[in-house]
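>
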Amino acid sequence: KISLNGRDFLCLADFSKEELQYLLDLAAELKTMKKEGIPYQPLLGKTMGMIFEKSSTRTRVSFEVGIYQLGGQGMFFSNRDLQIGRGEPISDTAQVISRYLDGIMIRTFEHEKVEELALHAPIPVINGLTDKFHPCQVMADFQTIIEQKGKLEGLKLAYVGDGNNMSHSLLLGCAKMGMNISIAAPEGYMPAADVVEMAEKFAEISGSNILITDSPVEAVNGADVIYTDVWASMGQEAEQEQRVKIFAPYQIDEKLVKHADQDYIFMHCLPAHRGEEVSSDVIDGGHSVIFDEAENRLHAQKAVMAAVMG
Ligand code: CP
Ligand code: NVA
């Protein structure tokens, strides 16, 4: 029997295929219970602190609503609210707030900061996005793919765009779950070598195929899922103009999707820039599942919170 009680949720690499599947099954169950109006409140009386050093729509709303639905309470902090913003060490902050809280969700820049927080906090820490990883998003993505396609194993996901946090978490998640993944990015914007190396090790065990290329057509060829993300992530606003030029050949448009399986689904973690990484006809077209994907942030994160904090 699988128990994730007390665990941090920082990176998909830290979890086995069975543990990730357990969370996905729980997410599906919690979604059904919610739709049927059956209450499930394992976090009654518990409080989760939510530290946001970057903007958020989906993560903030879905975590706060999610903890409330589970019987607990969320407490929001922007980077101006805590003394961390004025230089209080993360290690002190972690030990102090752990005396009050039952869990911490953090969205920040350096992944190492989240690791340091988790190291010093005896309570579960959940990664709500760093420059390197976005694991909660991928749990919602996988829940959505299972709803649409009935499975993960053996399917092909093509990610076209920047080799960023989304590409990293998708790589690790697919490699863990036995899903094939191809990534097309321009030279200089490829996923980080250490993440690719980790994913390749997991893929050897799960049997998934990994392809890293600079060719969008090659990546999308026969894909069941086409995925993209913004060309300039949070913190890279100054590079926006330059990136729009470099990434222009990587737009997902009607011409590119012709290379995918005819029943492909289009996914995007959002927020999206129509006319940049994806054309309006694709993101607003019949193959797009972006709003189911966004909804599943709620259910997938409820599963994570219930499992680690319950
Ligand atoms: N996809 C995602 O994490 O969205 P937000 O930045 O709005 O939270
Ligand atoms: N890569 C994007 C994802 C946003 C959810 C960013 O980090 O800004």
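Counting from 13, one number per residue, gives the positions in the sequence shown under the UniProt record's numbering.
The beta carbon of each residue, even a glycine, is placed where N, CA and C say it ideally should be.
It should be emphasised that the depicted structure is a prediction, and the values quoted were computed from it without experimental measurement.
1. Does the beta carbon of threonine 240 fall short of 6 angstroms from some heavy atom of the ligand CP?
2. For asparagine 176, which of helix, strand or coil comes out of DSSP?
3. Figure out for me which residue from Ala312, Met321 and Gly322 has the closest Cα to the Cα of serine 74.
4. Give me whichever residues DSSP pairs with alanine 196 in a beta bridge.
5. Output the boundary residues of the alpha helix (DSSP H) element that contains tyrosine 34.
6. Shorter than 6 angstroms, the distance from the beta carbon of methionine 279 to the closest heavy atom of the ligand NVA, or not?
7. For tyrosine 112, does the three-state DSSP call read helix, strand or coil?
8. In angstroms with no decimal places, state the Cα-to-Cα distance between leucine 167 and valine 108.
9. Can you pull the DSSP bridge partners for tyrosine 239?
10. Pick out whichever of Val301, Val126 and Tyr34 has its Cα sitting closest to the Cα of methionine 62.
11. The ligand CP and threonine 71: does the residue's C-beta get closer than 6 angstroms to at least one heavy atom of that ligand?
12. Applying the criterion that 16 or more other CB atoms from any shown protein chain within 10 Å of the CB defines a buried residue, is lysine 188 buried or exposed?
13. Quick check: does the Cβ of serine 292 come within less than 6 angstroms of any heavy atom belonging to the ligand CP?
14. Taking the straight line between their C-alpha atoms, what separation do you get for aspartate 206 and methionine 60?
15. Per DSSP, which one or two residues make a beta bridge with serine 300?
16. For arginine 119, which residues does DSSP report across the bridge?
17. Got a sec, what are the start and stop residues for the beta strand (DSSP E) glycine 86 sits in?
18. Using a 10 Å radius around the Cβ and a threshold of 16 neighbouring Cβ atoms, would you call leucine 56 buried or exposed?
19. Is leucine 282 a contact residue of the ligand CP, with contact defined as CB to any heavy atom under 6 angstroms?
20. The ligand NVA and serine 103: does any heavy atom of the ligand fall closer than 6 angstroms to the residue's C-beta?
21. Do serine 181 and leucine 24 have their CB atoms nearer than 7 angstroms?
22. When you compare the CB positions of phenylalanine 145 and asparagine 177, do they come within less than 7 angstroms of one another, or not?
23. Under DSSP, the beta strand (DSSP E) around valine 137 begins and ends at which residues?
24. To which residues of the same chain is valine 77 closer than 8 angstroms at the C-beta, ignoring the five residues directly before and after it?
25. If you drop the 5 nearest sequence neighbours on each side, which residues of the same chain put their C-beta closer than 7 angstroms to that of glutamine 160?
The relevant details are as follows:
1. No.
2. coil
3. Considering only alpha carbons, the answer is Ala312.
4. Val172 and Thr225
5. 29–48
6. no
7. Annotated three-state conformation of tyrosine 112 is coil, per DSSP.
8. 45 angstroms
9. Tyr171 and Met279
10. Val126
11. yes
12. Burial call: buried.
13. No, since every heavy atom of the ligand CP falls outside the 6 angstroms radius drawn around the Cβ of serine 292.
14. 32 angstroms
15. Phe278.
16. Its beta-bridge partners are Phe64.
17. Residues 85–90.
18. exposed
19. yes
20. no
21. yes
22. yes
23. 137–139
24. Leu310
25. Ile277 and Val301
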